[in-house]
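Engineer: One line per chain: the protein sequences are A and B, in this order.
Here the UniProt record's numbering is used: position 194 in the first sequence is 194, and no number is missing along the way.
Here the UniProt record's numbering is used: position 291 in the second sequence is 291, and no number is missing along the way.
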Amino acid sequence: MSPSPSKVPRRRSTRFVETRAALLFISPWLIGFFIFTAWPVINSAYLSLTDYDVINDPNFIGFDNYVTLFEDPKVGLALRNTFIFMVMSVPTQLVVSLGLALLLNAATRASGFFRTAFFLPKMTPPVAVGILLLMLFNGQNGLINSFLGIFGIEGPAWTTDPDWVKPGLVLMSLWTVGASVVIILAALRGVPQELYDSALVDGAGWWRRTLRITVPMISPTLFFLFIVDSINALQSFTEAYTAFFGSGNTTYSNDAALFYAIYLFQQAFEFLHMGYASALAWLLFIVIMAITVVQILVTRRFVHYEGERP
Amino acid sequence: MRSPLARWSVLSVSLALALTACAKGTGGGAAPTQSPGQFNPGATFQGTISVMGFGATDEVGTTRVDKAKASLGGADVKLIEGDLDIQQFLSSVAAGDAPDIIYANRDQIGTFASRGAIVPLTACIQGEQIDTSMFNKNALAQVTFGNEIWGIPEFNQVQITMANAELLKEAGLTIADVNGSNWDKVTAAAKKLVKAPGGKLQVIGFDSKLPEFLPLWAKANGADLLSADGKTAQLNNPAVVKALEFAVGIYDAQGGFAKVKAVRDSADFFGKGNQFAKNELGAMPMEQWYVNVLNDVSPKAPLTFDTFRTPQGQPLAYSSGSAWAIPKGAKNAAAACRFAKTMTLVDSWKAAAQARLDKRNQEKKPFTGILTGNVKADEEIQKMLTPGGEPWDSGVKAFYEANQHTFSLPANPADAEFKKAWQDAVNRVLNGQDEPQAALDKAQQDAQAALDKAWAGWTKQTN
Numbered sequence: 001m002s003p004s005p006s007k008v009p010r011r012r013s014t015r016f017v018e019t020r021a022a023l024l025f026i027s028p029w030l031i032g033f034f035i036f037t038a039w040p041v042i043n044s045a046y047l048s049l050t051d052y053d054v055i056n057d058p059n060f061i062g063f064d065n066y067v068t069l070f071e072d073p074k075v076g077l078a079l080r081n082t083f084i085f086m087v088m089s090v091p092t093q094l095v096v097s098l099g100l101a102l103l104l105n106a107a108t109r110a111s112g113f114f115r116t117a118f119f120l121p122k123m124t125p126p127v128a129v130g131i132l133l134l135m136l137f138n139g140q141n142g143l144i145n146s147f148l149g150i151f152g153i154e155g156p157a158w159t160t161d162p163d164w165v166k167p168g169l170v171l172m173s174l175w176t177v178g179a180s181v182v183i184i185l186a187a188l189r190g191v192p193q194e195l196y197d198s199a200l201v202d203g204a205g206w207w208r209r210t211l212r213i214t215v216p217m218i219s220p221t222l223f224f225l226f227i228v229d230s231i232n233a234l235q236s237f238t239e240a241y242t243a244f245f246g247s248g249n250t251t252y253s254n255d256a257a258l259f260y261a262i263y264l265f266q267q268a269f270e271f272l273h274m275g276y277a278s279a280l281a282w283l284l285f286i287v288i289m290a291i292t293v294v295q296i297l298v299t300r301r302f303v304h305y306e307g308e309r310p
Numbered sequence: 001m002r003s004p005l006a007r008w009s010v011l012s013v014s015l016a017l018a019l020t021a022c023a024k025g026t027g028g029g030a031a032p033t034q035s036p037g038q039f040n041p042g043a044t045f046q047g048t049i050s051v052m053g054f055g056a057t058d059e060v061g062t063t064r065v066d067k068a069k070a071s072l073g074g075a076d077v078k079l080i081e082g083d084l085d086i087q088q089f090l091s092s093v094a095a096g097d098a099p100d101i102i103y104a105n106r107d108q109i110g111t112f113a114s115r116g117a118i119v120p121l122t123a124c125i126q127g128e129q130i131d132t133s134m135f136n137k138n139a140l141a142q143v144t145f146g147n148e149i150w151g152i153p154e155f156n157q158v159q160i161t162m163a164n165a166e167l168l169k170e171a172g173l174t175i176a177d178v179n180g181s182n183w184d185k186v187t188a189a190a191k192k193l194v195k196a197p198g199g200k201l202q203v204i205g206f207d208s209k210l211p212e213f214l215p216l217w218a219k220a221n222g223a224d225l226l227s228a229d230g231k232t233a234q235l236n237n238p239a240v241v242k243a244l245e246f247a248v249g250i251y252d253a254q255g256g257f258a259k260v261k262a263v264r265d266s267a268d269f270f271g272k273g274n275q276f277a278k279n280e281l282g283a284m285p286m287e288q289w290y291v292n293v294l295n296d297v298s299p300k301a302p303l304t305f306d307t308f309r310t311p312q313g314q315p316l317a318y319s320s321g322s323a324w325a326i327p328k329g330a331k332n333a334a335a336a337c338r339f340a341k342t343m344t345l346v347d348s349w350k351a352a353a354q355a356r357l358d359k360r361n362q363e364k365k366p367f368t369g370i371l372t373g374n375v376k377a378d379e380e381i382q383k384m385l386t387p388g389g390e391p392w393d394s395g396v397k398a399f400y401e402a403n404q405h406t407f408s409l410p411a412n413p414a415d416a417e418f419k420k421a422w423q424d425a426v427n428r429v430l431n432g433q434d435e436p437q438a439a440l441d442k443a444q445q446d447a448q449a450a451l452d453k454a455w456a457g458w459t460k461q462t463n
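1) Where A/Gly190 and A/Met86 are concerned, what is the direct C-alpha to C-alpha distance, given to the nearest angstrom?
2) Can you check the segment 143–227 of chain B for any alpha helix (DSSP H) of at least 4 residues that lies completely inside it and give the ranges in chain order?
3) Name the residues in the segment 82–116 of chain B whose C-beta lies less than 7 Å from a C-beta of chain A; which are they?
4) Taking the runs of the alpha helix (DSSP H) that are 4 residues or longer, which of them lie wholly in the segment 381–432 of chain B?
5) DSSP three-state label for B/Leu281, please.
6) Compute the distance between the beta-carbons of B/Gly282 and B/Leu167, then report whether it is under 7 Å.
7) Where A/Asn254 and B/Asn236 are concerned, what is the direct C-alpha to C-alpha distance, given to the nearest angstrom?
8) Count the other CB atoms within 10 Å of the CB of B/Thr459; is the residue buried (16 or more) or exposed (fewer)?
9) Please go through the segment 64–109 of chain B and give each complete beta strand (DSSP E) segment of 3 or more residues, from N-terminal end onward.
10) If you draw a straight line from the alpha carbon of B/Lys242 to that of B/Ala439, how long is it in whole angstroms?
11) Is the beta carbon of B/Leu409 less than 7 Å from the beta carbon of B/Leu193?
12) B/Ala94 and A/Val54 look like a contact to me (Cβ under 8 Å); what is the Cβ gap, rounded to whole Å?
13) Give a yes or no on whether 7 Å exceeds the smallest Cβ distance from A/Phe118 to chain C.
14) Within the 7 Å Cβ cut-off, does B/Ser266 reach chain A?
15) How big is the Cα-Cα spacing for B/Gly172 and B/Glu435?
16) Using a Cβ-Cβ cutoff of less than 7 Å, which residues in the same chain neighbour B/Glu148 once the five nearest sequence positions on both sides are dropped?
17) Which partner residues of B/Ala317 appear in the DSSP bridge assignment?
18) With 9 Å as the limit, tell me which residues of the segment 120–147 of chain B have their beta carbon closer than that to any beta carbon of chain A; keep them in chain order.
19) If you draw a straight line from the C-alpha of B/Met372 to the C-alpha of B/Trp349, how long is it?
20) Taking a cut of 8 Å between CB atoms, which residues from the segment 248–272 of chain B lie near chain A?
21) Measure the CB-CB distance between B/Ala450 and B/Ala414 and report whether it falls below 7 Å.
22) Name the residue from B/Arg106, B/Leu90, B/Gln314 whose alpha carbon lies nearest to the alpha carbon of B/Asn179.
23) What in chain A is Cβ-close to B/Arg428, meaning under 8 Å?
24) In this structure, what does DSSP give as the bridge partners for B/Leu303?
25) Does the beta carbon of A/Asn138 sit closer than 7 Å to a beta carbon anywhere in chain B?
26) Determine whether the beta carbon atoms of A/Ala281 and A/Ser44 lie at a separation below 7 Å.
27) Could you list the residues in the segment 10–25 of chain A with a C-beta less than 9 Å from some C-beta on chain B, going in chain order?
28) Can you tell me whether B/Gln444 is buried or exposed, with buried defined as 16 or more other CB within 10 angstroms of its CB?
29) CA-CA distance, B/Trp392 and B/Lys209?
30) Rank B/Lys420, B/Leu385, B/Asn105 by C-alpha distance to the C-alpha of B/Asn292 and give the top, closest one.
31) Would you check if there are 3 or more beta carbon pairs closer than 8 Å linking the segment 149–160 of chain B to the segment 263–280 of chain B?
32) Quick check on the DSSP output: the beta strand (DSSP E) that includes B/Val263 runs from which residue to which?
33) Using CA atoms only, rank isn't needed, just tell me which of B/Phe399, B/Gln312, B/Asp446 is closest to B/Asn221.
34) Give me the Cα-Cα distance between A/Ile153 and A/Phe147, rounded to the nearest whole angstrom.
35) I need the straight-line Cα distance from A/Thr19 to A/Phe33, nearest angstrom please.
36) Roughly how many angstroms separate the alpha carbons of A/Leu30 and A/Gly168, rounded to a whole number?
As structure tokens, then:
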């Protein structure tokens with residue numbers, strides 16, 4: 001039945017008032033978004049088409065920066081380093097986070113204490129983590145190699161051998177898995193107990209229950225962390241920069257730790273190639289988008305959403 | 001009628017164009033010309049001048065800042081502490097809110113000048129009657145770009161040879177074996193001094209201090225990394241390649257750079273657990289300020305010093321230091337010029353040295369001198385030194401001697417990229433990723449491309 005003519009203007013008027021009120025309420029955020037997000041994004045797109053050094057006017061050069069970018073061997077090196085780091089670190093972080101969360105979920109009395117204990121390292125500033133890396137992973141006197149030495153294992157030169165730099169950074173990234181642990185723990189607490197009870201009746205063991213109930217039920221959370229951790233890994237900067245390129249280590253650097261964001265930073269703030277750095281930023285954006293889309297498509301069939309049609 | 005989508009698209013594009021139209025700096029080209037008349041030694045100043053990159057954290061700094069402040073005749077001085085943050089500095093210039101004066105590394109001056117971030121000091125020097133002949137000629141060369149002076153130099157850092165006397169004696173060696181005068185002897189000494197029981201490096205025999213000291217080894221071998229006019233990279237010159245092969249070979253003879261670097265990193269460099277005090281290092285070339293550090297934290301360490309020497313036996317040091325420069329758009333350039341002049345006057349340095357001497361006397365420690373970048377001030381301060389006994393007196397003597405035999409890389413508009421190119425090359429060799437020749441060939445290409453582009457930009461601005 002169609003609405004009566006007399007009611008239509010009133011509905012429209014109500015909708016307009018509501019829309020206006022909504023816009024008014026979110027306007028502080030909108031203004032902030034346009035000034036601090038949209039404008040820099042648009043500006044960086046423009047700057048990527050220029051030769052710009054902060055001081056002098058941008059000089060429009062068309063797509064030259066993008067052409068240079070594909071000819072620059074360091075771009076390939078930095079992308080490769082970053083991608084390898086992501087492939088190594090994301091699954092490792094997820095597995096360790098899930099393991100710790102499962103332990104915490106099983107704990108009863110002291111779970112609050114351990115939850116805080118696991119989360120605390122996340123509070124460490126990334127710069128400090130970078131310095132910590134140099135100390136813990138020192139090839140001669142570091143704690144990690146000393147520990148390995150107890151078992152008669154001669155640890156590698158984590159901070160100087162190009163083959164071991166990225167594994168060292170991956171292990172160091174586990175220092176901050178606390179946030180992921182807390183998120184997974186919240187998801188674990190939401191899994192209905194009846195499912196486990198039914199599985200127990202059917203004689204399913206811990207491993208089977210975990211694989212067939214726990215993981216599918218928390219798959220949206222794992223997927224969320226997978227995407228977020230991947231994006232974070234692709235933007236990795238501070239720890240590697242502090243350890244291998246930053247102040248106090250300005251002359252010795254290790255190409256194996258040259259992540260994309262570090263190269264972008266060098267071009268922008270060390271060499272003052274702001275236009276080129278903007279083009280690098282846009283390439284990173286495209287790479288992140290592409291990887292995220294692929295991840296969504298590939299993992300879609302593994303993620304189970306409650307209430308979703310089978 | 002247009003669809004809502006089309007209307008929003010047009011609006012978005014218009015907004016983008018409007019915003020990008022604003023995406024400009026402050027305008028390029030060479031810095032505006034200033035006249036000597038602006039700078040008058042008799043003038044007094046009001047208000048506040050802002051100084052970026054200088055902390056005045058010790059008596060040498062505070063004494064001179066007090067003098068500089070007094071010389072302004074009323075104006076106050078606001079120090080923006082910490083090392084110069086290039087991003088912050090350039091952004092402030094671009095935004096038209098530049099500090100009045102900056103304290104930068106001398107090797108940054110060419111780049112800042114070429115981009116128009118700072119102004120030439122010709123008028124300042126003439127107007128304030130600054131005697132440039134008193135500055136160390138290498139220090140002055142580092143801040144001279146396009147035939148104009150862009151910075152007032154201060155401080156000088158030079159290298160000398162530092163060694164552990166006990167380890168040398170145990171190995172039957174003397175400081176002459178590790179002072180660089182005979183490269184074969186240095187390699188042999190490194191092998192004798194190194195201790196690595198069970199493959200675990202405990203004592204570094206000789207640290208050639210790569211990557212940072214490649215210019216020193218190259219110069220000792222008769223090669224400059226950069227031509228005198230700052231335009232041509234000479235990184236794959238055979239003498240540079242040979243110097244790199246030798247300096248890397250020192251590490252190879254001790255089990256590889258990875259091990260040496262790990263031991264180097266684990267030392268308490270500025271503390272009592274430094275590698276000389278703990279007998280973990282035989283010898284190395286190092287900047288002179290480390291003599292003061294060692295004297296402070298481990299006065300009884302078994303040290304011995306000499307200048308760093310060329311294969312011909314001549315002292316040699318790679319000079320670096322700081323400089324005062326006036327940014328484009330500085331609101332009180334005349335006061336900034338007076339500030340820079342006073343900070344670097346012989347009398348100011350003498351007052352600072354006296355303050356340091358008094359402090360050292362109170363602490364019952366020797367006054368080991370300051371290398372100011374000002375030749376006359378250095379002479380005056382050298383007269384004020386107090387004996388500290390051996391080996392410290394020999395150390396001080398060595399660095400004053402080294403200060404007479406310095407070289408530096410000329411100012412150029414692409415210093416950061418040039419430096420990055422050769423340091424990356426050295427790092428690739430140290431990491432075993434490249435051979436010296438291949439690494440330096442690549443560095444030569446990268447460095448020359450950066451220099452060519454930067455010089456072309458400078459030529460375009462000045463023509």
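We put the CB at the ideal spot given by N, CA and C, even for glycine.
Remember, it's a predicted structure, so these values are computed and weren't measured experimentally.
Structural biologist: With the given structure in hand:
1) Counting from 1 along the first sequence, the entry for residue 190 of chain A is found at position 190. Counting from 1 along the first sequence, the entry for residue 86 of chain A is found at position 86. Each residue's alpha carbon lies about 29 Å from the other.
2) 165–170, 183–193, 214–220
3) Against chain A - using a Cβ distance shorter than 7 Å - the residues of the segment 82–116 of chain B are Ile86, Gln87, Leu90, Ser91, Val93, Ala94, Arg115, Gly116.
4) 392–402, 415–430
5) Position 281 of the second sequence, counting from 1, holds the residue named residue 281 of chain B. Strand.
6) Within the second sequence, the letter at position 282 stands for residue 282 of chain B. Within the second sequence, the letter at position 167 stands for residue 167 of chain B. In contact: B/Gly282 and B/Leu167 (Cβ atoms closer than 7 Å).
7) In the first sequence, residue 254 of chain A corresponds to position 254, counting from 1. In the second sequence, residue 236 of chain B corresponds to position 236, counting from 1. Looking at the two C-alpha atoms, the distance is approximately 21 Å.
8) Here residue 459 of chain B is taken as the residue at index 459 of the second sequence, counted from 1. By the 10 Å Cβ count, B/Thr459 comes out exposed.
9) 76–80, 101–105
10) The residue you call residue 242 of chain B lines up with position 242 of the second sequence. The residue you call residue 439 of chain B lines up with position 439 of the second sequence. Between B/Lys242 and B/Ala439, the C-alpha separation is close to 13 Å.
11) Residue numbering aside, residue 409 of chain B sits at position 409 when the second sequence is read from its first letter. Residue numbering aside, residue 193 of chain B sits at position 193 when the second sequence is read from its first letter. No.
12) As a position in the second sequence, residue 94 of chain B is number 94, starting the count at 1. As a position in the first sequence, residue 54 of chain A is number 54, starting the count at 1. That belief holds up - the Cβ atoms of B/Ala94 and A/Val54 are roughly 5 Å apart, short of 8 Å.
13) Among the protein chains in the structure shown, which are A and B, there is no chain C.
14) Translated into the one-based positions of the second sequence, residue 266 of chain B becomes position 266. Yes, its Cβ sits closer than 7 Å to a Cβ of chain A.
15) Numbered from its first residue, the second sequence carries residue 172 of chain B at position 172. Numbered from its first residue, the second sequence carries residue 435 of chain B at position 435. Their Cα atoms are separated by approximately 33 Å.
16) One-based indexing of the second sequence puts residue 148 of chain B at position 148. If we look at B/Glu148 and ignore the five residues flanking it on each side, its Cβ neighbours are Pro120, Thr122.
17) What you label residue 317 of chain B is simply residue 317 of the second sequence in a count that begins at 1. The beta-bridge partner set that DSSP reports for B/Ala317 consists of B/Thr406.
18) none
19) Residue mapping note: residue 372 of chain B aligns to position 372 of the second sequence, counting from 1. Residue mapping note: residue 349 of chain B aligns to position 349 of the second sequence, counting from 1. Checking the displayed sequence, the identity of residue 372 of chain B turns out to be Thr instead of Met. Computed Cα separation, rounded: 8 Å.
20) Phe257, Ala258, Lys259, Lys261, Ala262, Val263, Asp265, Ser266
21) Taking the first residue of the second sequence as position 1, residue 450 of chain B is located at position 450. Taking the first residue of the second sequence as position 1, residue 414 of chain B is located at position 414. Going by C-beta atoms, B/Ala450 is nearer than 7 Å to B/Ala414.
22) Position 179 of the second sequence holds residue 179 of chain B. Looking at the Cα atoms, B/Gln314 is the closest of the given residues.
23) Counting from 1 along the second sequence, the entry for residue 428 of chain B is found at position 428. Ordered by position in chain A, the residues that pass the 8 Å Cβ test against B/Arg428 are Asp255.
24) Here residue 303 of chain B refers to the residue found at position 303 when the second sequence is read from its first residue. Paired residue(s): B/Asn164.
25) Position 138 of the first sequence, counting from 1, holds the residue named residue 138 of chain A. Closer than 7 Å: yes.
26) In the first sequence, residue 281 of chain A corresponds to position 281, counting from 1. In the first sequence, residue 44 of chain A corresponds to position 44, counting from 1. The Cβ atoms of A/Ala281 and A/Ser44 sit closer than 7 Å to each other.
27) Per Cβ criterion, the list is empty.
28) Here the question's residue 444 of chain B lines up with position 444 in the second sequence. B/Gln444 comes out buried.
29) Along the second sequence, read from residue 1 onward, the residue named residue 392 of chain B stands at position 392. Along the second sequence, read from residue 1 onward, the residue named residue 209 of chain B stands at position 209. CA-CA distance, B/Trp392 to B/Lys209, rounds to 22 Å.
30) Numbered from 1 along the second sequence, position 292 holds the residue referred to as residue 292 of chain B. Closest option to B/Asn292, Cα to Cα, is B/Leu385.
31) Short answer: they don't touch.
32) For this step, residue 263 of chain B is matched to residue 263 along the second sequence. Segment 257–266 is the alpha helix (DSSP H) holding B/Val263; no beta strand (DSSP E) there.
33) Taking the first residue of the second sequence as 1, we reach residue 221 of chain B at position 221. The residue with the shortest Cα to Cα distance from B/Asn221 is B/Gln312.
34) Sequence index remark: in the first sequence, residue 153 of chain A carries index 153 (1-based). Sequence index remark: in the first sequence, residue 147 of chain A carries index 147 (1-based). Going by the C-alpha atoms only, they are around 9 Å apart.
35) For this step, residue 19 of chain A is matched to residue 19 along the first sequence. For this step, residue 33 of chain A is matched to residue 33 along the first sequence. Cα to Cα, the separation comes out at about 19 Å.
36) Sequence index remark: in the first sequence, residue 30 of chain A carries index 30 (1-based). Sequence index remark: in the first sequence, residue 168 of chain A carries index 168 (1-based). Roughly 42 Å separates the two Cα atoms.
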